[in-house]
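Going by the numbering used here, the letters in the sequence shown line up with residues 322 to 490, in that order.
Have a look at the structure below before the remarks.
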Amino acid sequence: MYDRNRLREKARSAADKKGLIGPDVNLEEFDGAEVPHSYLADEDLCTLPGEEQQRLIMAGLDVTKKERGGTYFQKDTAVIHCHAPQEGIEVIPVTKALAQHDWIGEYYWKLVEVDTDKYTAAAELGLHDGYVIRALPGSRSIYPIQACLYLDKDGLQQNVHNIIIAEED
């Protein structure tokens, strides 16, 4: 059963636990504060400055959304666009899914333990957002779903949790 308080307790116990692989990164060297950005409607994505649109294309996000089954775009700590026009495909910010859907507990922190190390702990304790991409039973996405976790602010710690679900028929 999903218990967010228990998960947070486990995360706190691992807040200083080094990762098993890779160099040890001091997370305190990064800013974990929220960075506000305005939400952009479908028609507003193409109004982003040309230079930013080019950087987004390099990161894999096409702001025209041509031939895309859904889009998730998080800039720094803020979800600035999230939409899935295709029937049977859901693209939802993870914080919204946690607040509104009981079924998310079946997936949240199930593949990796929240207390694996200080990085997983930070993702829970300082959660900025992330996405849930879900294909409902019987649905097939004709076009790819695009997701972009974009860092604009230097030295920012972007704490996200992402879940992708392909439900069986």
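A virtual CB, placed ideally from N, CA and C, is assigned to each residue, including glycine.
- For the options Ala405, Thr441, Cys469 and Gln478, the alpha carbon positioned closest to that of Leu457 is the one of Ala405.
- Sorting Ala443, Val356 and Lys474 by C-alpha distance to the C-alpha of Ser334 places Ala443 at the top.
- The criterion of a C-beta distance shorter than 8 Å is not satisfied by Lys338 and Asp345.
- When the Cα atoms are used, Ile425 and Ala418 turn out to be separated by approximately 7 Å.
- When the Cα atoms are used, Val453 and Tyr440 turn out to be separated by approximately 20 Å.
- Scanning Thr437, Lys386 and Lys474 for the CA closest to the CA of Ile342 turns up Thr437.
- Within the same chain, and ignoring the five residues on either side of Tyr428 in sequence, the residues whose Cβ sits closer than 7 Å to its Cβ are Ile484 and Ile486.
- When the five nearest sequence neighbours on each side are left out, the beta carbons in the same chain lying within less than 6 Å of the beta carbon of Arg455 are those of Glu411 and Ile486, in order along the chain.
- Taking a C-beta distance under 8 Å as the contact criterion, His482 and Leu446 do not qualify as a contact pair.
- Taking 8 Å as the cut-off, the beta carbon of Val356 is found closer than this to the beta carbon of Ala399.
- Ranked by how close their Cα comes to the Cα of Gly459, the residues Trp430, Leu477 and Asp490 have Asp490 in first place.
- Counting every other CB atom within 10 Å of its CB across the protein chains shown gives Leu432 a total below 16, marking it as exposed.
- Comparing alpha-carbon positions, the option among Glu330, Lys386, Asp450 and Gly381 lying closest to Glu364 turns out to be Lys386.
- Under the three-state reduction of DSSP, Gln395 is assigned to strand.
- For the options Glu408, Tyr464, Cys469 and Gln478, the alpha carbon positioned closest to that of Met379 is the one of Cys469.
- Taking 8 Å as the cut-off, the Cβ atoms of Pro414 and Asp473 do not count as close.
- Looking at the DSSP output, Pro414 sits in a beta bridge with Tyr452.
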